[in-house]
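In what follows, a single structure is set out as C-alpha cells and then discussed.
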Amino acid sequence: MKPTKSSGQPNSPLTIDRWFGIITRMFSQVTLNDLVEWTRAKLSSPFTSVKFVTAISSDSRTFKAEEVFVALPGEKFDGHQYIEEVVSKGALAIIGEKRPATWNHSIPFLEVPSSLRAYVDIGRALRKKFQGKILAVTGSAGKSSTKDMLGVLLGPQTIVSPKSFNNLLGVSKTLCLLEDQTKNLVLEMGMNGFGEIREMCENFQPYGGAVTNIGDAHIGKLGGRDGIYRAKKELFDWISKSEPCLGVAINLDDSLVVRAAREAFSKPVKSISYSAKDPRADIYISERSIDPQSGALSLKLITKGGDFKVTIPHFGIHHAYNLAASVALARLAQVSWKEIEQRLSQVVPSESRGQITQLPAKITLIDESYNSNPSALISSLESVLLMNPKGRKIIVLGEMRELDDFSESLHREVGRQIANMFSENPTQVVLFAVGKETQSLLQEVQQANSKVATFYAETVEQVSPPVLGALRGQDLVFIKGSRGIALDKLVNQIKASKPQKLGH
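Residue numbers (this note's numbering): 9 to 512.
Written out as C-alpha cells, the structure is:
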C-alpha cells in the first residue's frame, strides 16, 4: 500500500534554525531561582520577586529582551565580551564565569565555574522533569538525516536536535527546547573521542536509539575502525541498562553494528532490525532506485505492518537505510503503522545533506556540502553514477577532515574508486577537488583515468569561479566535502547565479 498524503502542512517537529544563539522555549514554570539552584551559581545580588525564564541565548547578535544570556568562552569568541551589549538589550539575567570588575547593574549575575557546565546542568535538570519518550541516534553517517526523518514520523509535539546539535553543548541546548506539551525528544549524538557519547547518555538518559553505521568518520582521532566501534557502542551500552528501555534499531547490513548490539546486550532487549540484503529483517528494503533525471529516491519497505512504497526528495540510495532506521525507531516509540504510513511522504532532506535543487537551464544541483568521509562519499558517488543527465556530471569534492594519519591513504583509496566508477564515458565527468588533502585523490584519478577532466583549488574562493564558468545547461552538479572546507558557499553562489550565467 502507498503512503497517504496528508492535507495541509506536514506535522513537522519543532526545530530552531540557529546554532550559537539558539532561542529556547522552556517549561512554563522554570524560574531564575531554579537556574541558580541547578547551576549552583554565586549570585551578584539577591532578588525577591519570582522571575520566570522563557528563553536562553548565547548569541548577543540575536539576543532579545527578557532572555537569559549565557557567556560561553570559545576559541574564536568569548561571550563575556558581549555582556554589556545584552544588558543594554534588556537581559533578564547573565550566566558567566567571571563577573566584570565594573559590574554595577541591578539584574542578577549568576557566577559559575564553567558556563558550559551550567548549560549542561540546566539541560540535565530539564531532562529530569521530562516524562516523554527520548530516543538517540548516532553513527558514522546518516545520523542527522535519520533523526530528522524520525522527528516527522513521531508526529507533532516532538522536539528534534536542530541541525547538528550533537555534542554536549548542543544536546544541552536541545533539552532547553522542551515545552510542557512535548511528548517525544530525538537527540543526535556525535563524538570526537571516547567517552563523549557515554557522557551525553549519563546526563540526558535516552530510552532507546540506533547506531546507523560504523565507518571511517573521525578515524584519525580514534586510532582506527575498532576505536570508532568502541566509541559508537557507548550508546548501546547505555540503552542496555536504561529503565525503562524502548529498545534499539539494528542495521543488519553493518557487521560492526550487529557486533555492538550483540556485545552490549547481555539480556534480551526489544529490537527492530532493518536490511536491504536480508528478507528476514523486521523491515526489509526490497526495492530502492534513483530517478536518473531528478535524483529522487524511491523505495519499498516490507514490514509486519504491510508494504510501503514511497518516493522522497533525498539524493542517495543510502537514504533508504536512514528511512528504514527511522521507521524502526518510530515503531519502538509505539507509533502505529497507520501513522507511519501517513507521515512517510512528509519527510524532507536535512540541510546540505542530499538536498536536490532544480535550477534554471535545467541544471540539477545536489548539495551534500555539510560533511564528508570516505564511506559516505563513495556511497553518494554510487548514486551519482546512476544519474543520467543530458549534460555533464560536475563533481566538486572538498577534502575529508579528521582522518589524521589515515588521511593520505584514504584520499588515495577514494581516488582509485572514483577512477574506476567513472571509467565509462569519462569525458562526461568534470572533477573539481578542493583542499590540500585532495591532491592525492586527484593524483589517483589522473593516473588511472586520464580522460576525466580534473581541477584543483586550495579554497572554496579559488574553486568558485572555474565551477561557475564551467556550468552548462542540463548539467548535474554534485557537491560534497567536510564542513570546514565551506563548500556551502559555492552552493549558495550557484543558486544565486543568473540563468544566463549558468550556460544554455
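Every residue gets a Cβ at the ideal spot worked out from N, C-alpha and C, and that includes glycine.
Going by other Cβ atoms of all chains shown within 10 Å of its Cβ, with 16 needed for buried, is residue i buried or exposed?
i, result
"residue 312", "exposed"
"residue 376", "buried"
"residue 70", "exposed"
"residue 54", "exposed"
"residue 431", "exposed"
"residue 37", "exposed"
"residue 504", "exposed"
"residue 181", "buried"
"residue 42", "buried"
"residue 427", "buried"
"residue 392", "buried"
"residue 284", "buried"
"residue 8", "The structure shown does not extend to residue 8, since the chain spans only 9 to 512, so no value can be given for it."
"residue 10", "Residue placement at residue 10 is poorly supported in this model, since its pLDDT is 32, which falls under 50; the coordinates are not used for a value here."
"residue 394", "exposed"
"residue 271", "exposed"
"residue 255", "buried"
"residue 267", "exposed"
"residue 458", "exposed"
"residue 449", "buried"
"residue 416", "exposed"
"residue 82", "exposed"
"residue 224", "buried"
"residue 288", "exposed"
"residue 495", "buried"
"residue 274", "exposed"
"residue 156", "buried"
"residue 109", "exposed"
Sort the options by Cα distance to residue i and report the nearest one.
i, options, result
"residue 368", "124, 231, 416 and 479", "479"
"residue 125", "159, 179 and 107", "179"
"residue 515", "262, 281, 214 and 242", "Since the first residue shown for the chain is 9 and the last is 512, residue 515 is missing from the structure and cannot be characterised."
"residue 279", "455, 415 and 257", "257"
"residue 66", "109, 127, 219 and 397", "127"
"residue 282", "198, 123 and 293", "293"
"residue 138", "288, 190 and 231", "190"
"residue 469", "452, 453, 501 and 460", "501"
"residue 277", "300, 452, 298 and 253", "253"
"residue 336", "107, 208, 159 and 44", "159"
"residue 309", "244, 338 and 318", "318"
"residue 246", "44, 204, 301 and 187", "204"
"residue 136", "212, 172 and 72", "212"
"residue 306", "273, 352 and 314", "352"
"residue 493", "378, 155, 449 and 365", "378"
"residue 345", "364, 389, 316 and 370", "316"
"residue 472", "223, 440 and 157", "440"
"residue 112", "92, 81 and 157", "92"
"residue 451", "476, 474 and 425", "425"
"residue 429", "413, 467 and 389", "389"
"residue 387", "298, 474 and 350", "298"
"residue 206", "232, 186 and 244", "244"
"residue 366", "499, 188 and 172", "499"
Answer yes or no: do residue i and residue j have a C-beta to C-beta separation smaller than 8 angstroms?
i, j, result
"residue 115", "residue 145", "no"
"residue 46", "residue 149", "no"
"residue 483", "residue 362", "no"
"residue 49", "residue 102", "no"
"residue 348", "residue 161", "yes"
"residue 130", "residue 195", "no"
"residue 51", "residue 118", "yes"
"residue 462", "residue 454", "yes"
"residue 219", "residue 147", "yes"
"residue 374", "residue 443", "no"
"residue 61", "residue 76", "yes"
"residue 176", "residue 201", "no"
"residue 72", "residue 88", "no"
"residue 216", "residue 411", "no"
"residue 437", "residue 460", "yes"
"residue 122", "residue 90", "no"
"residue 300", "residue 433", "no"
"residue 198", "residue 174", "yes"
Would you verify that the beta carbon of residue i is, or is not, closer than 8 angstroms to some beta carbon of chain B?
i, result
"residue 355", "Among the chains of the structure shown, chain B does not appear; only one protein chain is present."
State the CB to CB distance for the pair residue i and residue j, rounded to an integer number of angstroms; the pair is presumed to be in contact (CB under 8 angstroms).
i, j, result
"residue 364", "residue 481", "Incorrect: roughly 17 angstroms between the Cβ atoms, too far for contact."
"residue 291", "residue 184", "Not a contact, Cβ separation roughly 33 angstroms."
Problem set entry | the region 474-493 / the region 404-412 touching (three or more Cβ pairs under 8 angstroms) | yes
Problem set entry | Validate contact between the region 381-399 and the region 408-428 using beta carbons, cut 8 angstroms, 3 pairs | yes
For this session: Take every Cβ of the region 161-181, pair it with every Cβ of the region 237-249, and state whether three or more of those distances are shorter than 8 angstroms.
Result: no
Exercise. If we count Cβ pairs, one from each stretch, closer than 8 angstroms, do we get three or more for the region 325-340 versus the region 254-264?
Worked result: yes
For this session: Could you tell me whether the region 356-364 touches the region 305-324, where touching means 3 or more Cβ pairs closer than 8 angstroms?
Result: yes
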